[in-house]
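Numbering (the numbering used here), first residue to last: 29 to 160.
Glycine included, C-beta positions come from ideal geometry on N, C-alpha and C.
Source: prediction; values computed, not measured.
Report on one structure; see the data block that follows.
And the structure:
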């Protein structure tokens, strides 16, 4: 799995749950649009499995204009909403003071998904987290 994450340029991902409202949230960040395309190919079967027990309510892509453009053909059929990041977006490390203009330019691409999961399927949905 580490090799797949490296191949995809995965920087982070994680799930969060709002169990009271039966909503699952996934946030993923990649070094480039190409990494997201590779990831979507790698998890196609898993997404189909999730669609059997839940519905993806929203999908958003956040990133630089040139990266967003590369993904429209793949994500538009999923109903994706696109957000172009501000050119002043920066990456900061713990060691770098959080002062405007300090830090590296952020050219990464982030995908955010929300699923509505029936209460009786929430446990099953959670077991699939590790497959992503």
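Residue burial classification, residue i (beta-carbon count within 10 angstroms, cutoff 16)
{"i": "residue 122", "result": "Annotation note: pLDDT 47 at residue 122 (below 50); position unreliable, coordinate value reported separately. When all chains shown are included, residue 122 counts as exposed."}
{"i": "residue 114", "result": "exposed"}
{"i": "residue 47", "result": "exposed"}
{"i": "residue 26", "result": "The requested residue 26 does not occur in the structure, where the chain is confined to residues 29 to 160."}
{"i": "residue 38", "result": "buried"}
{"i": "residue 153", "result": "buried"}
{"i": "residue 56", "result": "buried"}
{"i": "residue 93", "result": "exposed"}
{"i": "residue 42", "result": "exposed"}
{"i": "residue 60", "result": "buried"}
{"i": "residue 116", "result": "exposed"}
Opening and closing residue of the beta strand (DSSP E) in which residue i lies
{"i": "residue 140", "result": "137 to 144"}
Cβ separation of residue i and residue j, assumed to be a contact under 8 Å, to the nearest whole Å
{"i": "residue 88", "j": "residue 111", "result": "6 Å"}
{"i": "residue 51", "j": "residue 144", "result": "6 Å"}
{"i": "residue 91", "j": "residue 138", "result": "6 Å"}
{"i": "residue 34", "j": "residue 70", "result": "That belief does not hold up - the Cβ atoms of residue 34 and residue 70 are roughly 12 Å apart, past 8 Å."}
{"i": "residue 104", "j": "residue 142", "result": "Wrong, their Cβ atoms sit about 17 Å apart, outside the cutoff."}
{"i": "residue 156", "j": "residue 77", "result": "7 Å"}
Enclosing alpha helix (DSSP H) for residue i [first to last residue]
{"i": "residue 154", "result": "150 to 155"}
Scan the region 88 to 122 and note each continuous beta strand (DSSP E) run of 3 residues or more that stays entirely inside, going in chain order. DSSP runs (the beta strand (DSSP E)) wholly in the region 88 to 122: 109 to 112.
Counting only runs of 4+ residues fully inside the region 36 to 94, write out the alpha helix (DSSP H) ranges in chain order. 61 to 70 and 72 to 81
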